[in-house]
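Letter 106 of the sequence shown, counting from 1, is numbered 106 in UniProt numbering, and no numbers are missing.
Positions of the beta carbon are idealized from the N, C-alpha and C atoms, including for glycine.
Take a look at the structure set out below.
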Amino acid sequence: MVTSTFEELAPALPNEMAGLRRKLTHWLGELPLDPDSTHDITLATYEALANVAAHAYPDGNGWARLQAARTGDAVTVTVTDTGCGIPATRPRQAGLRTSGGRGLVLIDKVTDQSEVESGADGTTVHMTWRPAALRDENPA
């Protein structure tokens with residue numbers, strides 16, 4: 001089984017999140033992925049990171065952790081913060097009269113599986129993809 005991992009921690013600032021996206025894109029470039037899968041993984045991850053920069057730390061001070069792994073035929077990405085969490089009353093659907101609110105919906109659409117855990121101690125977004133390019137053509 002092939003395993004490859006990536007992990008970075010950065011201040012939760014927009015320019016730092018863009019830097020994490022570039023580092024993830026470089027790591028993904030080392031995997032035998034098709035361009036569509038690389039795009040979807042990068043897009044969803046950046047949405048999760050942008051949410052950290054925009055919402056997790058109202059006082060402006062905090063960190064984002066980006067972890068990624070390729071295990072067998074799957075790529076998993078986890079974005080974690082220790083911020084204020086997502087309010088329970090916030091709907092997980094894109095609203096017409098809100099600024100934002102579409103990132104989690106987009107993540108759902110471009111991942112094979114996603115899960116959001118949020119509370120007073122922060123938010124964790126788990127995302128999984130099973131790109132065709134990683135599937136073993138000769139299973140044992």
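Next item on the list: Look at the alpha carbon of ASN132 and the alpha carbon of LEU106, and state the distance between them as a whole number of angstroms.
Entry: Note that residue 132 is Ala in the sequence shown, not Asn. Computed Cα separation, rounded: 21 Å.
Notebook entry, point to check: CB LEU66 to CB LEU49, shorter than 8 Å?
Noted result: yes
Next item on the list: Mark GLY122 as exposed unless 16 or more other C-beta atoms lie within 10 angstroms of its C-beta, in which case mark it buried.
Entry: buried
Notebook entry, point to check: Does the distance from the CB of CYS84 to the CB of ALA53 come in under 8 Å?
Noted result: no
Note to self: Could you tell me the alpha carbon to alpha carbon distance between GLU16 and VAL110, rounded to whole angstroms?
What the structure shows: 23 Å
Notebook entry, point to check: Which residue's Cα is closest to the Cα of ILE41: ALA88, THR124, GLY119, ARG70?
Noted result: ARG70
Check: Under the three-state reduction of DSSP, which class applies to ALA88: helix, strand or coil?
Finding: coil
Check: Looking only at its own chain, which residues have a Cβ that is under 8 Å from the Cβ of LEU43, when we skip the five neighbours before and after it?
Finding: LEU106, VAL110
Check: I think ALA64 touches LEU20, with their Cβ atoms under 8 Å apart; what is that distance to the nearest whole Å?
Finding: 7 Å
Check: By a C-beta neighbour count over all protein chains shown, 10 Å radius and 16 as the cutoff for buried, is GLU7 buried or exposed?
Finding: exposed
Checklist line | In chain order, each alpha helix (DSSP H) run of at least 4 residues that lies wholly inside the region 47-82 | finding: none
Notebook entry, point to check: Excluding sequence positions up to five away, which residues of its chain have a Cβ less than 6 Å from the Cβ of ASN51?
Noted result: GLY103
Margin query: Once the 5 residues before and after LEU134 are set aside, which same chain residues still bring their CB inside 6 Å of it?
Written below: ASP73
Note to self: Using CA atoms only, rank isn't needed, just tell me which of VAL77, THR124, VAL116 is closest to ARG130.
What the structure shows: VAL77
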